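Visitor: Read in order, the letters of the sequence shown are residues 26 to 153 in the working numbering. The structure that follows is given in the form of structure tokens.
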Amino acid sequence: TNQVHLKPEKELEKAGLLNKTKIAEGGRKLRKNWNPSWVVLVGNSLVFFKDPKTQSPASWKPGNSCPESSVDLRGAQLQWANDLSSRKNVFKLRTITGNEFLLQSETDSLIREWYGTIQKVIDRLVGP
Ligand code: I3P
């Protein structure tokens with residue numbers, strides 16, 4: 026039958042501003058390009074939006090908030106990565122497809138919260 030599967034309401038876990046750079050795509054190393062990004066943790070995904078402060082006023086129209094990219098956290102790996110940057114408070118997120126991101130904040134407590142919350146979601150997706 027053509028039954029419609031209604032997804033349960035996705036739980037918004039966390040949202041905030043972090044510095045982000047992608048350092049690998051499918052296992053291939055990329056040149057770093059740090060940018061502020063609105064990061065939203067919702068359901069099984071980490072969704073990145075461009076920092077509104079860096080966008081033109083034209084992009085402020087309601088509903089015009091198309092995510093820049095999104096990451097499936099199933100099978101993803103998280104690790105502190107202060108060795109991969111001259112910045113402080115850096116962790117690396119590696120997806121199952123071999124995409125790697127560094128996320129960073131100047132605020133110690135904030136980055137620890139993000140690390141903990143993302144790790145919790147990754148663990149939940151693995152199951153007991
Ligand atoms: C990179 C840029 C990055 C820096 C990176 C540099 O230079 O300065 O900010 O990473 O260091 O290579 P360019 O703009 O010329 O590409 P961090 O800020 O994270 O230290 P790296 O090569 O040691 O990663």
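Positions of the beta carbon are idealized from the N, C-alpha and C atoms, including for glycine. Note that the structure is a prediction, hence the values are computed from the model and not measured.
Counting only the same chain and skipping the five closest in sequence on each side, list residues whose C-beta sits under 8 Å from that of Glu93.
Guide: If we look at Glu93 and ignore the five residues flanking it on each side, its Cβ neighbours are Ser62, Phe73, Phe74 and Lys75.
Visitor: Assuming Asn69 contacts Leu98 (C-beta within less than 8 Å), just tell me the rounded distance between them.
Guide: Indeed they touch by this definition, with Cβ atoms about 5 Å apart.
Visitor: When the Cα atoms are used, what is the spatial distance from Arg119 to Glu36?
Guide: Approximately 22 Å, taken between the alpha carbons.
Visitor: Compute the Euclidean distance between the alpha carbons of Asn27 and Arg53, then round it to the nearest angstrom.
Guide: With a pLDDT of 47 at Asn27, under the threshold of 50, the predicted position of this residue should be treated as unreliable, and no value is reported.
Visitor: Could you work out which residue in Trp139, Gln102, Val115 and Gly152 is closest to Asn124 when comparing CA atoms only?
Guide: Nearest C-alpha to Asn124: Gln102.
Visitor: From what residue to what residue does the beta strand (DSSP E) around Leu71 run?
Guide: First-last of the beta strand (DSSP E) with Leu71: Ser70 to Lys75.
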